[in-house]
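Enquirer: One structure follows; several queries about it will come next.
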Amino acid sequence: MKAWQVVRDWSIEGMELVDLPEPAPGPGQVAVRMRTASLNYRDLLTVQGKGGVSRLPLIPFSDGAGEVSAIGEGVGRVAVGDRVSPIFFQSWIDGKVSASSRRYALGGTRPGVLQEVMVLDAEGVSHIPAHLSFQEAATLPCAGLTAWRALFEEAKVQPGDTVLVQGTGGVSIFALQFAKLAGASVIVTSSSDEKLERAKALGADHTINYRAVPDWGNAAAEWTGGGVDHVVEVGGKDTFGQSLEAARVGGTILVIGVLSGFSQQIAIPSLFSKNLHVIGLSVGSRRMFEAMTAAIGRNAMKPVIDRVFDFEAVPEALRLMQQGGHFGKIVVEFP
Numbered sequence: 200m201k202a203w204q205v206v207r208d209w210s211i212e213g214m215e216l217v218d219l220p221e222p223a224p225g226p227g228q229v230a231v232r233m234r235t236a237s238l239n240y241r242d243l244l245t246v247q248g249k250g251g252v253s254r255l256p257l258i259p260f261s262d263g264a265g266e267v268s269a270i271g272e273g274v275g276r277v278a279v280g281d282r283v284s285p286i287f288f289q290s291w292i293d294g295k296v297s298a299s300s301r302r303y304a305l306g307g308t309r310p311g312v313l314q315e316v317m318v319l320d321a322e323g324v325s326h327i328p329a330h331l332s333f334q335e336a337a338t339l340p341c342a343g344l345t346a347w348r349a350l351f352e353e354a355k356v357q358p359g360d361t362v363l364v365q366g367t368g369g370v371s372i373f374a375l376q377f378a379k380l381a382g383a384s385v386i387v388t389s390s391s392d393e394k395l396e397r398a399k400a401l402g403a404d405h406t407i408n409y410r411a412v413p414d415w416g417n418a419a420a421e422w423t424g425g426g427v428d429h430v431v432e433v434g435g436k437d438t439f440g441q442s443l444e445a446a447r448v449g450g451t452i453l454v455i456g457v458l459s460g461f462s463q464q465i466a467i468p469s470l471f472s473k474n475l476h477v478i479g480l481s482v483g484s485r486r487m488f489e490a491m492t493a494a495i496g497r498n499a500m501k502p503v504i505d506r507v508f509d510f511e512a513v514p515e516a517l518r519l520m521q522q523g524g525h526f527g528k529i530v531v532e533f534p
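Counting from 200, one number per residue, gives the positions in the sequence shown under the working numbering.
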């Protein structure tokens, strides 16, 4: 079977399309013939050697969708032919996050989805919504679930709340869509007026071009008349200070990304003077994934895909992610 591996060094150029033996499932395992994969910023970092993985070769990428092609002895959760996605954290089925629940992450501590057939524990896959294509379903395990957990498991967004979403990448567009499903008002920031218009078409109630309005945190607070209830913080060092300004007293900042870098001097007085809740999070459990897919199915929600690449063009897809010009998700189609 064909698979992409980071082989020579930690870089996009260090990747190779290789031939590997096709695996077979053992007891309690399933084989999934992958149909699609999708990219996350974490995948780019991992390929570049910034993902905390030290050994080569590595099959990267965490998110994908396919169909069960074989099952091992004792498997009853799924059957051959079922449409499924692998879960990001293979051992986090339910319960609170812990070191052990985060131990086995696809495309990191476990081989990722860029292989035509992958074998997984049966507990580590979940059915995908019937109305979604494989391309659409591939976007859910990391980006979709991170946005879902942020808004509903952590922030517990209610109708009438205000949510500020930074940018128009995968997690941010999912956050916009989920917040609108919850009945919230949504502010979207971007440096692109064209992308802001697309965000309005998805339901954004207010938009701010942060190039034109560098003090966008105060602009958001003024628009809401006192600050936003929840900020989906993906930028890191270049945006966190403005997130503090945007949040209302008693508001929540959900830290899920570091697109502009890792280090930042935090205005600690703002944290306690405004009684802010700052929550860091990444992805979620299988139980959360299944709650999310049920809601997506009930509401016939469709993920937003920017561009689809052929399997042979994975390096090109990563370079598009690196450039940051996409709106929504980047997807890879398998042969």
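Ideal Cβ positions, reconstructed from N, Cα and C, are used throughout, including at glycine. Please read these numbers as outputs of a predicted model, since none were measured by experiment.
1. Hey, could you find the ends of the alpha helix (DSSP H) Q441 is sitting in?
2. So, with DSSP's three-state summary, where would you put S459?
3. Got a sec, what are the start and stop residues for the beta strand (DSSP E) E432 sits in?
4. For M214, does the count of other Cβ atoms within 10 angstroms reach 16, so buried, or fall short, so exposed?
5. So, at 6 Å on beta carbons, what are the nonlocal neighbours of I478 in its own chain, with the 5 sequence-adjacent residues on each side left out?
6. Taking C-beta to C-beta, are G416 and A381 nearer than 8 Å?
7. Considering only residues of the segment 300–345, which uninterrupted beta strand (DSSP E) runs meet the minimum length of 3 residues and lie entirely inside it, listed in chain order?
8. Based on DSSP bridge pairs, tell me the residues matched to F533.
9. So, at 8 Å on beta carbons, what are the nonlocal neighbours of R309 in its own chain, with the 5 sequence-adjacent residues on each side left out?
10. Would you check if the distance between the CB atom of V324 and the CB atom of I286 is smaller than 8 Å?
11. Give me the Cα-Cα distance between L458 and G271, rounded to the nearest whole angstrom.
12. Can you list, in chain order, the residues of its chain whose CB lies under 7 Å from that of S390, leaving out five sequence neighbours each side?
13. Decide if R518 is buried, meaning its Cβ has at least 16 other Cβ atoms within 10 Å, or exposed.
14. Compute the beta-carbon to beta-carbon distance between Y306 and D242, rounded to the nearest angstrom, for a pair I have assumed lies under 8 Å.
15. Does the beta-carbon distance from G535 to V385 come in below 8 Å?
16. What residues are listed by DSSP as bridge partners for L453?
17. Would you tell me roughly how many angstroms separate the C-alpha atoms of V503 and V316, rounded to the nearest one?
18. What is the DSSP secondary structure of R506, counted as helix, strand or coil?
19. Does the Cβ-Cβ distance between A223 and A269 come in under 8 Å?
20. Using the beta-carbon count (16 or more within 10 Å), is A400 buried or exposed?
21. Taking its Cβ as the centre, do 16 or more other Cβ atoms sit within 10 Å of L313, making it buried, or is it exposed?
22. Please classify W203: does DSSP put it in a helix, a strand, or coil?
23. Taking the straight line between their C-alpha atoms, what separation do you get for V412 and G294?
Expert: From the atom records:
1. F439 to A445
2. The predicted position of S459 is uncertain, since its pLDDT is 42 and thus under 50; a value taken from the coordinates is nonetheless stated next. DSSP places S459 outside both helix and strand once states are collapsed to three, so it counts as coil.
3. V427 to E432
4. Burial of M214 is indicated by the presence of at least 16 other C-beta atoms within 10 angstroms of its C-beta.
5. E353 and L453
6. no
7. 316–320 and 324–326
8. The partner list for F533 (beta bridge, DSSP) is empty, contrary to what the question assumes.
9. Q289 and Y303
10. By the CB criterion at 8 Å, V324 and I286 fall inside the cutoff.
11. Low confidence applies to L458: its pLDDT is 48, below 50, so where it sits in the model is not reliable, and the reading given next is rough at best. Using only the alpha carbons, I get a separation of about 41 Å.
12. N408, Y409 and R410
13. With fewer than 16 neighbouring CB atoms inside 10 Å of its own CB, R518 falls in the exposed class.
14. Reading off the sequence shown, one finds Gly at residue 306, where the question assumed Tyr. Yes, G306 and D242 are in contact; Cβ-Cβ is about 6 Å, under 8 Å.
15. The structure shown does not extend to residue 535, since the chain spans only 200 to 534, so no value can be given for it.
16. V431 and I478
17. 26 Å
18. strand
19. yes
20. exposed
21. buried
22. strand
23. 41 Å
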